[in-house]
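Accompanying notes for the structure given below.
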């Protein structure tokens, strides 16, 4: 499970399991930036990273704020 935070010019992908964290570490660029436990990517990278996560069998967790 993971969540996505869209901040317009940057996107944060926050892993919620060790498996997702490991996948992100293995597939992110060598010089990838991490902030507060989240992978920081540019919007142009979003589609390929998300597609890879879904293909690997991981699911996006709904944002708790959007459920209320």
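Residue numbers (the working numbering): 1 to 68.
Cβ atoms here follow ideal geometry from the backbone N, Cα and C, with glycine treated the same way.
Being a predicted model, the structure only gives us computed values, none of them experimental.
Measuring straight from C-alpha to C-alpha, what distance separates residue i and residue j?
| i | j | result |
| --- | --- | --- |
| residue 3 | residue 30 | 22 angstroms |
| residue 40 | residue 5 | 10 angstroms |
| residue 38 | residue 54 | 17 angstroms |
| residue 49 | residue 62 | 18 angstroms |
| residue 16 | residue 1 | 5 angstroms |
| residue 8 | residue 47 | 14 angstroms |
| residue 91 | residue 19 | Residue 91 lies beyond the stretch modelled for the chain, which goes from 1 to 68, so this question has no answer here. |
What whole-angstrom Cβ distance do residue i and residue j have, given they're in contact under 8 angstroms?
| i | j | result |
| --- | --- | --- |
| residue 21 | residue 13 | That belief does not hold up - the Cβ atoms of residue 21 and residue 13 are roughly 10 angstroms apart, past 8 angstroms. |
Excluding sequence positions up to five away, which residues of its chain have a Cβ less than 7 angstroms from the Cβ of residue i?
| i | result |
| --- | --- |
| residue 59 | 1 |
| residue 45 | none |
| residue 32 | 39 |
Output needed for residue i: all residues of its chain with C-beta closer than 8 angstroms, excluding positions within five of it in sequence on either side, in chain order.
| i | result |
| --- | --- |
| residue 27 | 49 and 52 |
| residue 42 | 9, 10 and 11 |
| residue 56 | 23 |
Flag residue i as yes if its beta-carbon sits less than 7 angstroms from any beta-carbon of chain B, otherwise no.
| i | result |
| --- | --- |
| residue 55 | In the displayed structure, chain B is absent; only one protein chain is listed. |
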